[in-house]
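First up is the structure itself, then whatever we jot down about it.
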Amino acid sequence: TWQPLPIRRIERRKDRDSYRWYHLVDVPCAVNGTHQIRIPLVSSHDDVTAGFLRSEYLRQLPPDTKGYERTYGTRPSAESDNAQREERFTWRHLPAYGADRQATAMLGWNFLENSKARYLHRKRAAAADQQAAA
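Here the numbering used here is used: position 21 in the sequence shown is 113, and no number is missing along the way.
Take a look at the structure:
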C-alpha cells in the first residue's frame, strides 16, 4: 500500500563526484517491529528503466515538516517570477553567452524586480501615512 511514512531526517551522503539526498524513514512492521531504511530522492538507473518517476512520489520537504512550512510560502511568487523571465526573453532563451554573462543578466533582472517592489512598498506606505494623517 502507498502511505506516507514519517521522516526521521534528511541525509546528504557523498557520492563519487557529488552528493545524494536520502530520507531516513521508519517503516512499521507487524512481525519484526519498526525498520529504518534510506530512500534515495533522486531517480536511479532502475527507476528510469522501469519508467518510475520518483519525484512524483517523494518530496525532499514533505508537507508535515518545518522545512516545508518555511519554504512553501515563497513558492508561488518564485514560480510566477520564473514564468515572467521565460516569457520576456526571445524564444525563451537568455540573451547572454557564458555563465558569467548569464549570472550578470539574472542579477540585473533581480535588481529590477527588487527596485519595483521597493517603489511600490514606499508608495503604499506613503498613501497609508496620508490616510492616517487625514
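Cβ coordinates follow ideal geometry from the N, Cα and C atoms, glycine included.
8 Å Cβ cutoff met for residue i and residue j
i      : j      : result
Val119 : Leu97  : yes
Ile129 : Val117 : yes
Pro132 : Arg112 : yes
Gln194 : Leu204 : no
Residues that residue i bridges to, as DSSP identifies them
i      : result
Tyr111 : Lys106
Arg130 : Leu116
Arg101 : Leu116
Candidates the options: closest to residue i by CA position
i      : options                          : result
Asn174 : Met198, His127 and Arg210        : Met198
Tyr114 : Ala142, Trp94, Arg146 and Gly125 : Arg146
Spatial neighbours of residue i in its chain, beta-carbon cut-off 7 Å, leaving aside the 5 residues before and after
i      : result
Arg177 : Trp201
Other residues of its chain near residue i: CB distance less than 8 Å, five sequence neighbours each side excluded
i      : result
Thr157 : Ile99
Examine the Cβ distances between the stretch 93 to 104 and the stretch 147 to 163 and report whether three or more of them are shorter than 8 Å. The stretch 93 to 104 is in contact with the stretch 147 to 163.
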